[in-house]
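Some notes on the structure that comes next.
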Amino acid sequence: MPVQWMNKVVAGAALAVLAGCSSIGLPGGGTGAPATPAPAPIGASTAPVGSTCDAQGAQWAVGRSSTAKVVEEARVRAGARMARVLGPGQATTMEFNGERLNLQVDGAGKVMAARCG
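Counting in this note's numbering, the final residue of the sequence shown is number 128, and the numbers go up one at a time with none missing.
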């Protein structure tokens with residue numbers, strides 16, 4: 012193997028290794044410090060992690076149109092940390108999340124059921 016070609020291979024490998032240590036795109040500006048968490052959205056629950064949803068508080072939403080205002084009000088009344096609207100036949104994740112309110116809606120977007128999980 013010619014020496015010049017070998018030098019290029021070694022130099023390329025060294026550049027690849029150094030590129031892996033680059034700070035570009037790292038959270039915290041590449042300092043190694045953790046990224047600052049994004050502020051909570053306006054109206055987001057300040058309930059501590061581990062708190063649970065109570066679907067009873069969101070039952071008033073059944074029969075109403077699933078507007079953003081109705082969904083947020085249902086989430087707040089249920090004490091849920093987050094809410095999702097589930098349409099007919101919509102694929103969803105099946106893991107249980109006690110901090111999440113699920114609003115099942117019909118084809119017209121009317122809330123048919125409010126459940127936690």
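Heads up, the beta-carbon is just placed ideally off N, CA and C, and yes, glycines get one too.
C-beta atoms of V82 and A94 nearer than 8 Å | Yes. Within cutoff.
How long is the line joining the alpha carbons of M105 and N113, rounded to whole angstroms?
-> 12 Å
Pull up the distance between the alpha-carbon of A91 and that of Q70, whole angstroms please.
-> 13 Å
Pair within 8 Å by beta-carbon distance, A125 and A85 | Yes, the Cβ-Cβ distance between A125 and A85 is below 8 Å.
C64 versus Q115: straight-line alpha-carbon distance, rounded | If you take the alpha carbons of C64 and Q115, they lie about 15 Å apart.
Beta-bridge pairing of M93 - partner residues as DSSP gives them | R111
With DSSP as the reference, label R75 as helix, strand or coil.
-> coil
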